[in-house]
Amino acid sequence: MIGFGNPGRRDDGLGPAAAERLRSRRLRGVSTDADYQLNIEDALAVSRHDVVVFVDAARNLRKPYAFTPVRAAAALPPMSHTLGPEAVLAVAAELYGRTPEAWLLAIRGHRWTLGEGLSDKAEKNLALALGFLGTFLKEVRP
Amino acid sequence: MARKITIEPVTRVEGHGKVTIHLDDAGKVQQSRFHIVEFRGFERFIQGRPYWEAPVLVQRLCGICPVSHHLAAAKAMDVVVGVGPGKLTATAEKMRRLMHYGQMLQSHALHFFHLASPDFLLGMDADPAVRNVIGIIALDKELATRAVLLRKFGQEIILATAGKKIHGTGAVPGGMNKNLSPEERDRFLKGAAPLNIDQMIAWAGAAIELFRGYHAKNKDLVDGFAAFPSNHLSLVRKDGALDFYHGVLRAVDAEGRKILNDVDYQDYLEYIGEEVRSWSYMKFPYIKSLGKSAGWYRVGPLARLNTCDHIPSPLAQKEFEAYKSYTDGKPNNMSLHTHWARLIELLHSAEVIKELLLDKDLQGTKLVKTGPRAPEGVGLVEAPRGTLFHHFRVNGDDQITMANLIVSTTNNNEPMNRAVHWVAVNTLSEKPEITEGMLNRVEVAIRAYDPCLSCATHAVGRMPLDVSLVDARGRVLQREVR
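These protein sequences, in sequence, are chains A and B.
Residue 96 in the numbering used here sits at position 96 of the first sequence; the count goes up by one each step and never skips.
Residue 478 in the numbering used here sits at position 478 of the second sequence; the count goes up by one each step and never skips.
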């Protein structure tokens with residue numbers, strides 16, 4: 001599981017917070033990582049796993065979280081220094097010949113200003129999302 | 001009918017940027033502006049926080065170069081705790097240098113291979129859908145593999161020195177909180193191929209060869225594209241050598257004459273001013289002695305190789321000599337040569353990393369010192385994109401009362417505007433059709449400066465490329481979202 005976002009921008013840190021909390025559970029067969037942004041070297045880690053869950057904060061989501069499949073997208077929009085999950089998968093596929101099952105867990109955030117800590121609403125959304133993720137991981141772990 | 005072309009946001013640039021090009025009724029470029037929504041609220045946010053938190057807090061400014069902010073703030077706070085430049089323990093200073101040169105390695109590799117090389121290797125007129133790292137993989141898988149592993153190697157160096165990927169805590173006021181274990185050292189020095197420093201040095205050298213090959217076939221484009229004279233500013237070591245971590249402030253003009261002659265950056269306010277213009281949130285720095293209109297300058301790889309006298313590592317020095325001979329020793333004012341300079345710096349970074357890894361001081365245990373407290377401190381580093389200024393004042397209760405940051409991209413504000421204007425005048429004016437390739441040239445000009453605009457939140461669903469044509473009355477004539 002890779003959580004990404006900037007914890008210095010309140011709820012944008014939902015991804016790293018999710019990674020940190022999942023890491024503390026020490027689940028067998030599950031590795032976690034967190035970073036500000038996804039980048040090309042994440043393709044190497046992705047290529048070495050069977051199932052990958054990207055976790056990111058989401059705007060404009062009407063429910064606490066959404067869990068959707070991610071497919072490699074070669075025609076990626078050339079956005080900034082960072083890559084989206086689809087592009088990371090595309091790099092893994094093209095460079096390492098590996099296309100793991102991949103999902104995006106998007107968790108609704110509410111506050112994006114400079115500051116520390118998740119908003120109360122985001123905390124509730126995170127708890128719900130992690131509950132769902134726990135069930136999912138039980139199903140896919142060997 | 002007069003038209004206004006808007007490109008928003010600029011792709012592959014951090015934060016939000018917008019290019020506006022005003023055309024007159026005849027289709028000639030009247031004016032062009034690169035607007036940036038820069039986040040200045042951070043300086044207020046940090047007020048009231050204890051000074052020792054600054055090196056960690058400032059990393060929240062940016063997800064691409066947190067290490068640069070981490071070290072600039074730590075250097076400023078070194079002064080506050082009475083352990084200013086030259087007073088750190090050898091272990092602390094060399095650990096910081098290792099962290100910083102690791103950052104330069106990964107950032108320069110990422111920029112060239114991921115962002116710039118698609119423009120070169122696939123062509124500025126290539127379909128945007130393939131003009132990216134995926135297109136590079138299709139063209140040259142080995143090159144793309146090197147990009148991934150150079151970046152990964154640099155990130156691993158940062159992890160080993162800063163302690164964490166997010167909000168690293170390695171540098172603290174007055175020193176470091178860790179050294180490098182022999183196991184970590186050996187992994188970087190002798191790790192299984194290709195993840196060892198000798199391989200990184202070889203790949204960095206090969207990247208220069210790649211650029212040189214492209215340059216040889218495309219001299220007119222590389223030399224002429226967005227070329228314009230400017231002043232150049234950077235830190236240099238006291239003996240004039242290239243140094244990314246520490247030095248004195250030097251500025252030269254377009255002919256190489258010194259404007260700032262190796263001054264102490266603690267006094268930067270005597271030399272550097274910041275102009276506010278009504279149409280941009282980002283300030284325009286200038287050298288005070290030259291005034292607002294003539295005092296603007298470039299920072300970054302191009303500027304650094306224009307200000308320094310030599311590079312203190314053998315392979316990079318050899319490349320530097322070839323680079324300098326191309327302009328007969330004069331400052332290089334060609335925007336696309338920034339990529340050449342960046343790759344020489346990539347090689348230098350790899351060489352310095354190896355030199356540091358072989359230094360036993362990295363296993364030392366004296367990490368932190370303290371001295372007499374000072375009420376304020378200034379910290380400068382040469383970040384990948386250029387000179388980064390951090391200035392803090394601290395009260396008797398250890399609280400930060402003032403913060404002033406001049407980030408590299410702010411220093412390059414006027415040069416990026418000049419580069420956009422060059423492209424607008426030379427490729428957009430009086431053309432019947434605005435093509436993807438022409439718009440991309442605007443982006444190529446900006447990308448040479450690798451701007452990083454204090455990362456905005458990036459939550460899912462943001463950052464499309466939005467292109468609008470608007471007439472003089474504000475009516476949208478055409479809009480395209482890439």
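Ideal placement from N, C-alpha and C gives every residue a C-beta, glycine not left out.
Step through the CB atoms of chain B and report whether any lies within less than 8 Å of the CB of residue i.
| i | result |
| --- | --- |
| Asp-50(A) | no |
| Glu-139(A) | no |
| Pro-64(A) | no |
| Ile-2(A) | no |
| Pro-7(A) | yes |
| Thr-135(A) | no |
Based on DSSP bridge pairs, tell me the residues matched to residue i.
| i | result |
| --- | --- |
| Trp-103(A) | Val-53(A), Pro-69(A) |
| Ala-171(B) | Met-176(B) |
| Gly-115(A) | Arg-9(A) |
| His-35(B) | Lys-18(B) |
| Pro-85(B) | Answer is none; Pro-85(B) lacks a bridge partner. |
| Pro-50(B) | Gln-399(B) |
| Met-334(B) | Ala-227(B) |
| His-232(B) | Val-252(B), Arg-298(B) |
| His-310(B) | Ala-241(B) |
| Val-97(B) | The amino acid at residue 97(B) is misidentified as Val; the sequence shows Arg. Its beta-bridge partners do not exist; DSSP assigns none. |
| Val-368(B) | Gly-175(B) |
Compare the beta carbon distance of residue i and residue j with 8 Å and say whether it is the shorter of the two.
| i | j | result |
| --- | --- | --- |
| Leu-388(B) | Ser-107(B) | no |
| Ala-147(B) | Ile-2(A) | no |
| Gly-170(B) | Asn-177(B) | yes |
| His-339(B) | Phe-113(B) | no |
| Tyr-65(A) | Leu-105(A) | yes |
| Arg-59(A) | Gly-109(A) | yes |
| Ala-54(B) | Ile-400(B) | yes |
| Met-95(B) | Thr-161(B) | yes |
| Arg-385(B) | Gly-8(A) | no |
| Leu-88(B) | Ala-350(B) | no |
| Gly-15(A) | Asp-42(A) | no |
| Asp-220(B) | Gly-437(B) | no |
| Ile-446(B) | Val-420(B) | yes |
| Ile-344(B) | Tyr-323(B) | yes |
| Leu-44(A) | Lys-152(B) | yes |
| Ala-403(B) | Glu-183(B) | no |
| Arg-373(B) | Val-80(B) | yes |
| Leu-356(B) | Leu-362(B) | yes |
| Thr-68(A) | Trp-103(A) | yes |
| His-232(B) | Asn-179(B) | no |
| Ala-310(B) | Gly-247(B) | The residue asked about is misnamed: residue 310(B) is His in this sequence, not Ala. Cβ atoms of His-310(B) and Gly-247(B): not closer than 8 Å. |
| Ala-72(B) | Gly-379(B) | yes |
Of all Cβ atoms in chain A, is any one closer than 8 Å to the Cβ of residue i?
| i | result |
| --- | --- |
| His-114(B) | yes |
| Gly-191(B) | no |
| Gln-137(B) | Reading off the sequence shown, one finds Ile at residue 137(B), where the question assumed Gln. Taking Cβ atoms only, chain A reaches closer than 8 Å to Ile-137(B), which makes this a yes. |
| Ile-446(B) | no |
| Phe-42(B) | yes |
| Ser-454(B) | Only weak support is given to the placement of Ser-454(B): the predicted model assigns it a pLDDT of 46, under 50, and the value that follows is read from those uncertain coordinates. False, the Cβ-Cβ gap to chain A never drops below 8 Å. |
| Phe-320(B) | no |
| Thr-145(B) | yes |
| Arg-96(B) | no |
| Lys-141(B) | yes |
| Ile-134(B) | yes |
| Arg-418(B) | no |
| Phe-45(B) | yes |
| Val-29(B) | no |
| Val-263(B) | no |
| Arg-60(B) | yes |
| Val-248(B) | no |
| Val-80(B) | no |
| Val-148(B) | yes |
Please list the segments of the beta strand (DSSP E) lying wholly inside the segment 1-82 of chain A, counting only runs of 3 or more residues, in order along the chain. 2-4, 33-35, 51-58, 65-69
Where the segment 14-35 of chain A meets chain B: residues whose CB sits under 9 Å from a CB there: Leu-14, Pro-16, Asp-33, Ala-34, Asp-35
Which residues, taken in chain order from the segment 103-133 of chain A, show a beta carbon closer than 9 Å to some beta carbon of chain B? Leu-104, Ala-106, Gly-109, Trp-112, Thr-113, Leu-114, Gly-115, Glu-116
Note down, one range per segment and in chain order, each alpha helix (DSSP H) of at least 4 residues found wholly within the segment 242-295 of chain B. Here the runs fully enclosed are 268-271, 291-294.
Can you list the beta strand (DSSP E) stretches of 3 or more residues lying completely in the segment 370-454 of chain B, in chain order? 376-383, 386-394, 400-406
Residue ranges of each alpha helix (DSSP H) within the segment 128-207 of chain B, 4 or longer: 133-139, 141-162, 182-190
Chain-ordered residues of the segment 80-101 of chain A with a beta carbon less than 8 Å from chain B: Ser-80, His-81, Thr-82, Leu-83, Ala-87, Ala-90, Val-91, Glu-94, Leu-95
Within 8 Å of chain A by C-beta, residues of the segment 347-358 of chain B in sequence order: Hits within the stretch: zero.
Please name the residues in the segment 151-181 of chain B whose beta-carbon is closer than 8 Å to at least one beta-carbon of chain A, in chain order. Arg-151, Lys-152, Gln-155, Lys-165, Ile-166, His-167
Which of the residues in the segment 205-236 of chain B, read from start to end, lie with their CB under 9 Å from any CB of chain A? none
Residues of the segment 382-411 of chain B with Cβ closer than 8 Å to any Cβ of chain A, in chain order: Residues of the segment 382-411 of chain B with a C-beta less than 8 Å from any C-beta of chain A: none at all.
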